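One structure below.
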Amino acid sequence: MKVLTVLVVSLGLVTSQVFSDEPDFTYGPNAESEWGNAYPECNGTMQSPIPLSAMTARPGLEAQPLELTNYQLDPTQVTVINDGKLAIYRFQFPGGENVTARGGPLQGIFQFDSLHFHWGAASNRGSEHVIDSFMGRKRYAMEMHLVFFNQQYGSLDNAAPLENGLAVLGIFFTNSTEQPDYGWIPPLNEVQTAGTDYVLPDPTVFNIKGLIGARRRPYFSYHGSLTTPPCYETVTWMVQRKPLPISEAQLDTFRMLRMPNGEPLVDNFRTLQNVNDRPIFLYR
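The numbering of the sequence shown is the working numbering, which starts it at -14 and goes up by one.
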């Protein structure tokens, strides 16, 4: 375990830039109502997360299928970070290769930056987006976000505030009696303290394709924002409909992480935002 020597601040995506002069934030309806005081875009009309429903979504039409390239590669290094708000994984790939996304709802080529997780204190909550159906509203135990930036802007920091700057692939996890072979979860025990990071001894335990598979559809897509300050409304969201399994014991490993004040790092998901007549598409 290594103590981070820089302040890593979550933007709902995590950048390498230091924002030591930025106001801090916390979760919960009362705290979130104050976000807009320091970050005006958090009061915008295209905020995330939102409820998603196959019953009301428009059919998504793909000129080109959503495609991820190089995501089958075994990484040469994986670093897990507890920044006090999220569990973040950063990757390096052989030969300096980059994982990219294109097609589907994306306008341009988007380069993978990192992935992170949101989870709850109990398994009936944790995901940021929810699924509405005739059976009611479903919130999953956890949600993973793979964060991409538009390559035309050169970097995540440059792209984040700019139009069509970001894309996020969201994947739900549902608690299960299965114990999936997720070798990337035990290293979380090395970063229980906020502000620490750890390089996985075997980076190949976190193969992205091995986790999410080759199939993208069905997935929802809409235009939204970062789910934490500064809440830039520059994100093309793609949220897969079908969840992945995760055991209660594996979820408990996430719940062992701590915030800077020593309290358990749980319920790190934003309150649902208004759709405001935005079109939501379902790609089947």
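For each residue, glycine too, the CB sits at the ideal point set by N, CA and C. Since the structure is predicted, the reported quantities are computational estimates derived from the model, not experimental observations.
Check: Does the beta-carbon distance from serine 271 to isoleucine 116 come in below 7 Å?
Finding: No statement about residue 271 is possible, as the shown extent of the chain runs from -14 to 269 and does not include it.
Next item on the list: Within the stretch 191 to 258, note down every full beta strand (DSSP E) run reaching 3 residues or more, in order along the chain.
Entry: 204 to 209, 220 to 225, 229 to 232
Notebook entry, point to check: Looking at the structure shown, is tyrosine 56 part of a helix, part of a strand, or coil, going by DSSP?
Noted result: Your numbering for residue 56 matches position 71 in the sequence shown. Residue state, collapsed to three classes: coil.
Notebook entry, point to check: Among Glu175, Asp187, Val153, Thr189, which has the Cα closest to the Cα of glutamine 225?
Noted result: Here residue 225 refers to the residue found at position 240 of the sequence shown. It is Val153 whose Cα lies nearest to the Cα of glutamine 225.
Next item on the list: Please determine, among Ser206, His101, Arg255, the residue with the shortest C-alpha to C-alpha distance to glycine 332.
Entry: This structure does not reach residue 332, given that the chain is present from -14 up to 269, and the question cannot be answered.
Check: For aspartate 68, does the count of other Cβ atoms within 10 angstroms reach 16, so buried, or fall short, so exposed?
Finding: As a working note, residue 68 is residue 83 in the sequence shown. When all chains shown are included, aspartate 68 counts as buried.
Check: Looking at the unbroken beta strand (DSSP E) that takes in serine 155, where does it start and where does it end?
Finding: As a position in the sequence shown, residue 155 is number 170, starting the count at 1. Here residue 155 turns out to be glycine, not serine, going by the sequence shown. Taken as a continuous stretch (DSSP letters only), the beta strand (DSSP E) holding glycine 155 covers 151 to 161.
Notebook entry, point to check: What residues match up with glutamate 38 in a beta bridge as DSSP calls it?
Noted result: In the sequence shown, residue 38 corresponds to position 53, counting from 1. The sequence shown places serine at residue 38, rather than the glutamate named in the question. DSSP output for serine 38 lists Asp117 as bridge partner(s).
Check: Is the CB-CB distance between leucine 267 and alanine 42 below 7 Å?
Finding: Numbered from its first residue, the sequence shown carries residue 267 at position 282. Numbered from its first residue, the sequence shown carries residue 42 at position 57. The answer is yes: Cβ separation under 7 Å.
Notebook entry, point to check: Does DSSP put asparagine 135 in a helix, a strand or coil?
Noted result: Your numbering for residue 135 matches position 150 in the sequence shown. Here asparagine 135 sits in strand by DSSP.
Notebook entry, point to check: Hey, which unbroken runs of the beta strand (DSSP E) at 3 residues or more fall wholly within the stretch 68 to 92?
Noted result: 72 to 77, 85 to 87
Check: Where does tryptophan 20 fall in DSSP's three states?
Finding: By one-based count along the sequence shown, residue 20 stands at place 35. It is helical.
Note to self: For glutamine 136, which residues in the same chain have their Cβ closer than 6 Å to its Cβ, ignoring the five residues on either side in sequence?
What the structure shows: Walking along the sequence shown from the start, residue 136 turns up at place 151. Contacts found: Ile94, Gln96.
Note to self: Alpha carbons only, please: which of Ala106, Arg75, Val65, Ser38 is nearest the one belonging to arginine 240?
What the structure shows: Translated into positions along the sequence shown, residue 240 becomes position 255. Comparing Cα positions, the closest option is Ala106.
Margin query: Pop quiz: glutamate 175 and tyrosine 167 are said to be a contact at Cβ under 8 Å. What is the actual Cβ separation, rounded to whole angstroms?
Written below: Reading the sequence shown from its first residue, position 190 is the one you call residue 175. Reading the sequence shown from its first residue, position 182 is the one you call residue 167. Contact flag wrong, Cβ pair sits at about 15 Å.
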